[in-house]
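Q: Position one of the sequence shown corresponds to residue 511 (my numbering), numbered consecutively onward. Think of the CB as a built atom: it goes at the ideal place given N, C-alpha and C, for glycine as much as any other residue. This one's a predicted model, so the numbers in the text were calculated from it and none came from an experiment. To start, I am sharing the structure in question, which I have written as C-alpha cells.
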Amino acid sequence: MLASFFFTLRKQGVPVTLTEWLVFMEALAKGLAWSDAKTFYALARSLLVKDVAYYDIFDQVFLHIFKDAELSETLKKDVEDWLNDPLPMPHLSEEELKLLEAMDFDRLREEFENRLREQDSRHDGGDRWIGTGGRSPFGHSGVNPAGIRVGGEGGMHSAVQVASLRRFKNYRQDVTLDIRQMKVALKKLRVLERVGVADELDVGETIDETCKNAGELELIFRPERKNRMKLLLLMDAGGSMDPYARLVNRLFSAASQMNHFKGFKHYYFHNCLYEEVFEDIYLDQRVATGKLFSDLDASWRVILVGDAAMAPSELTSVNGAIYYYHRNETPGLVWLKRVREHFRKTVWLNPIPKANWWSYTIAMVGKVFPMFPLTVDGLEEAVGTLR
Numbered sequence: 511m512l513a514s515f516f517f518t519l520r521k522q523g524v525p526v527t528l529t530e531w532l533v534f535m536e537a538l539a540k541g542l543a544w545s546d547a548k549t550f551y552a553l554a555r556s557l558l559v560k561d562v563a564y565y566d567i568f569d570q571v572f573l574h575i576f577k578d579a580e581l582s583e584t585l586k587k588d589v590e591d592w593l594n595d596p597l598p599m600p601h602l603s604e605e606e607l608k609l610l611e612a613m614d615f616d617r618l619r620e621e622f623e624n625r626l627r628e629q630d631s632r633h634d635g636g637d638r639w640i641g642t643g644g645r646s647p648f649g650h651s652g653v654n655p656a657g658i659r660v661g662g663e664g665g666m667h668s669a670v671q672v673a674s675l676r677r678f679k680n681y682r683q684d685v686t687l688d689i690r691q692m693k694v695a696l697k698k699l700r701v702l703e704r705v706g707v708a709d710e711l712d713v714g715e716t717i718d719e720t721c722k723n724a725g726e727l728e729l730i731f732r733p734e735r736k737n738r739m740k741l742l743l744l745m746d747a748g749g750s751m752d753p754y755a756r757l758v759n760r761l762f763s764a765a766s767q768m769n770h771f772k773g774f775k776h777y778y779f780h781n782c783l784y785e786e787v788f789e790d791i792y793l794d795q796r797v798a799t800g801k802l803f804s805d806l807d808a809s810w811r812v813i814l815v816g817d818a819a820m821a822p823s824e825l826t827s828v829n830g831a832i833y834y835y836h837r838n839e840t841p842g843l844v845w846l847k848r849v850r851e852h853f854r855k856t857v858w859l860n861p862i863p864k865a866n867w868w869s870y871t872i873a874m875v876g877k878v879f880p881m882f883p884l885t886v887d888g889l890e891e892a893v894g895t896l897r
C-alpha cells in the first residue's frame, strides 16, 4: 500500500523525491505515526509535499489509497473538508457519444411538445414519459445522454435544454481567504504607460543632465507610470458549474478587490454566450452582448470562466440554448467567435482538470479560445497570454 502511495503521488504530478520518501520511511520505522491516522496524514504531507499548490492532489491521492483504512471520526470530517472539488464527470461510452453528436435536435423538441400534450400524470423511470430517472430524454435525474431537462438536476449533466426556473448560487465578492496566489498572478497583468503631469523625479536623467552641466544640479521630472490594463471577466453560472463555485469565487474576489486595473467589468452567462449576458448571478438583468462590443474597445483583455460542458447543439444550433423558451437566432459558437474577433486578447479558464478535457464541446471551445486549467499555474499561463 505504501509503495502504491508513492508511485500514485508521482503519477499524479506531485514531485516526491526518493530521498524524501526514505526520510518518510525512517520516520515511520521510528513509530512516529503508525498509531494515529491523522498524525500519519500530517507527517506524510509535511515530508512529501514541498509546495502548497500540490496539497489538493496529495489529499485526493491519500483518500484514494487509504479509503479502506479505519479512520477516526475527526479525520473523516477533515478528509471531507480537504476535498472541495468534485470528481470528474463519468466518461460516456463511444456509443453514447455518437448518439449525442448525431442527435436530431428539431425532432427532440417536437417529441417533447407531443409528450406535454399527451401526458396527464407523474411518471418515474421508463423510457417515454416526462419524469424522473429512467432512460426517457425528458425530465431529470435520468441517464439519457441527449435530452431536455425539466426541473431538478441533470443525471449525466448532458441535458440539451432546461425548461425550469433559474436559481443559482451566488459568487460572493467578499471572499478573502485563499486568493493571495490569484492576486499575485493577476498583478502581472499590466501595461504600464507614463501619463499625466510630469511630477515624478527621473533620477537617471537628473544625474545625466547634472553631469552635462558640470555638476550644476538639473532636476528632470516625468509623468508617473500607470497601469492601463482593462479586464473583462465573463463567468459561467449555475448547473454543472455549481461544484466549482468556491473556486470561481476566489478568482472573482481577487479580480474585483484589486485597484490594479484601469477598468474592470464582469458579467455572467450559462454554458455559452448568446445575444445577451447578465449583470447578476440569477441571469435576470440582461445586457446585449453587442453593447459590450460597442462600449469596450479591442484593448480590453477578456477572461472567460466555464467548464465548456454542454450539449453540442448549444454551440452549433439555432434555438439550441439550454433554456427551452430561449430562442437564439445565432448559434452560440458564432457568438464565441465574435468575442474572439473583437477583443485583441482572450483566454478561457476551465475548472475541470486538464486530464479530463475529453468532451467534444470542450474541444470546440478550445479551438476558439486559448484554454487553460483554473489552477495557479494555469492562471499564470493565461496571464502570460493576455499580456
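Near Leu542, which residues of its chain fall below 7 Å by C-beta distance, leaving aside the five closest residues on each side in sequence?
A: Within the sequence shown, numbered from 1, the residue matching residue 542 stands at position 32. Cβ within range, chain order: Leu553.
Q: Any contact between the region 873–887 and the region 784–797? By contact I mean 3 or more CB pairs, one from each, below 8 Å.
A: They do not touch, by the three-pair rule.
Q: Throw me the rounded Cβ distance for the His780 and Ile832 pair, which I believe falls under 8 Å.
A: Counted from its first residue, the sequence shown places residue 780 at position 270. Counted from its first residue, the sequence shown places residue 832 at position 322. About 7 Å; that satisfies the 8 Å criterion.
Q: Can you check whether the C-beta of Val857 is within less than 8 Å of a C-beta belonging to chain C?
A: Annotation note: the requested chain C is absent from the structure, which comprises a single protein chain.
Q: According to DSSP, simplified to helix, strand and coil, what is Asp900?
A: The structure shown does not extend to residue 900, since the chain is modelled only from 511 to 897, so the question has no answer here.
Q: Just tell me which of Gln767, Asn769, Asp746, Gly773 has its CA closest to the CA of Trp858.
A: Working through the sequence shown from its first residue, we reach residue 858 at position 348. Per the Cα distances, Asp746.
Q: Which two residues bound the contiguous beta strand (DSSP E) that contains Phe576?
A: Sequence index remark: in the sequence shown, residue 576 carries index 66 (1-based). Per DSSP, Phe576 belongs to no beta strand (DSSP E) and is neither H nor E.
Q: Please indicate yes or no: does the CB of Glu786 lie closer than 7 Å to some heavy atom of the ligand PLP?
A: Questions concerning the ligand PLP fall outside what the structure shown contains, since it holds no ligand whatsoever.
Q: In whole angstroms, what separates the C-alpha of Ala695 from that of Leu783?
A: To locate residue 695, count along the sequence shown from 1; it is residue 185. To locate residue 783, count along the sequence shown from 1; it is residue 273. Taking the straight line from one Cα to the other gives about 26 Å.
Q: Nearest CA to the CA of Leu557: which residue from His776, Ala563, Ala537, Ala755?
A: Counting from 1 along the sequence shown, the entry for residue 557 is found at position 47. Closest option to Leu557, Cα to Cα, is Ala537.
Q: Give the DSSP bridge partners of Arg811, in chain order.
A: In the sequence shown, the residue the question calls residue 811 occupies position 301. The partner list for Arg811 (beta bridge, DSSP) reads Leu741, Lys855.
Q: Let me check understanding here. Comparing Cα to Cα, which of Arg756, Lys548, Thr826, Lys722 lies closest to Ile689?
A: The residue labelled residue 689 in the question sits at position 179 within the sequence shown. Checked all of Arg756, Lys548, Thr826, Lys722; the closest Cα to Ile689 is Arg756.
Q: Taking only three categories from DSSP, how would you classify Gly956?
A: Given a span of 511 to 897 for the chain in the structure shown, any question on residue 956 remains unanswerable.
Q: Ser804: buried (16+ other C-beta within 10 angstroms of its C-beta) or exposed?
A: Numbered from its first residue, the sequence shown carries residue 804 at position 294. By the neighbour-count rule (16 or more Cβ atoms within 10 Å), Ser804 is not buried but exposed.
Q: Let me know the secondary structure DSSP gives Pro525 once reduced to three states.
A: In the sequence shown, the residue the question calls residue 525 occupies position 15. Three-state result, Pro525: coil.
Q: Which class does Leu542 belong to by DSSP, given the choice of helix, strand or coil?
A: Here residue 542 corresponds to residue number 32 of the sequence shown, with the count starting at 1. The answer is coil: DSSP assigns Leu542 none of H, G, I, E or B.
Q: Give me the Cα-Cα distance between Trp592 and Phe534, rounded to the nearest whole angstrom.
A: Numbered from its first residue, the sequence shown carries residue 592 at position 82. Numbered from its first residue, the sequence shown carries residue 534 at position 24. Caution is warranted here: a pLDDT of 38 is assigned to Trp592, below 50, making its placement in the model unreliable, and no coordinate value can be reported.
Q: By a C-beta neighbour count over all protein chains shown, 10 Å radius and 16 as the cutoff for buried, is Val815 buried or exposed?
A: Your numbering for residue 815 matches position 305 in the sequence shown. The residue is buried, with at least 16 neighbouring Cβ atoms inside 10 Å.
Q: For Asn829, which residues of its own chain have a beta-carbon under 7 Å away from its beta-carbon, when the five flanking residues on both sides are left out?
A: For the purposes of this step, residue 829 is taken as the residue at position 319 of the sequence shown. Same-chain partners within the cutoff: Arg837, Asn838.
Q: Would you call the region 519–534 in contact with the region 844–853, where contact means no fewer than 3 C-beta pairs closer than 8 Å?
A: Because the criterion of three Cβ pairs below 8 Å is not met, the region 519–534 and the region 844–853 do not touch.
Q: Do the CB positions of His776 and Leu743 come within less than 8 Å of each other?
A: What you label residue 776 is simply residue 266 of the sequence shown in a count that begins at 1. What you label residue 743 is simply residue 233 of the sequence shown in a count that begins at 1. It is a contact, given that the beta carbons lie within the stated cut-off.
Q: Leaving aside the five residues before and after Ile730 along the sequence, list all residues of the same chain whose C-beta is less than 7 Å from its C-beta, in chain order.
A: Locating residue 730 in the sequence shown gives position 220, counting from the first residue. Same-chain partners within the cutoff: Asp712, Glu715, Thr716, Glu719.
Q: Would you decide whether Met511 is buried or exposed? Buried here means 16 or more other CB atoms lie within 10 Å of its CB.
A: Within the sequence shown, residue 511 is the residue found at index 1, counting from 1. Burial call: exposed.
Q: Note down, one range per segment and in chain order, each alpha helix (DSSP H) of at least 4 residues found wholly within the region 789–847.
A: Whole alpha helix (DSSP H) segments, 4+ residues: 799–805, 822–826.
Q: Looking at Lys740: is its Cβ nearer than 8 Å to the Cβ of Lys697?
A: Position 230 of the sequence shown holds residue 740. Position 187 of the sequence shown holds residue 697. No, the Cβ-Cβ distance between Lys740 and Lys697 is not below 8 Å.
Q: For Thr856, count neighbouring Cβ atoms within 10 angstroms of its own Cβ and tell me buried if that reaches 16, exposed if not.
A: Counted from its first residue, the sequence shown places residue 856 at position 346. With 16 or more other Cβ atoms within 10 Å, it is buried.
Q: Is the beta carbon of Leu519 sitting closer than 8 Å to the one on Phe576?
A: For this step, residue 519 is matched to residue 9 along the sequence shown. For this step, residue 576 is matched to residue 66 along the sequence shown. It is not a contact, given that the beta carbons lie outside the stated cut-off.
Q: Could you give the first and the last residue of the continuous alpha helix (DSSP H) run that contains Tyr551?
A: For the purposes of this step, residue 551 is taken as residue 41 along the sequence shown, with counting starting at 1. Where Tyr551 is concerned, the enclosing alpha helix (DSSP H) stretches over 547–558.
Q: Where do the ends of the beta strand (DSSP E) carrying Met881 lie?
A: Translated into positions along the sequence shown, residue 881 becomes position 371. From DSSP, the beta strand (DSSP E) with Met881 extends over 881–883.
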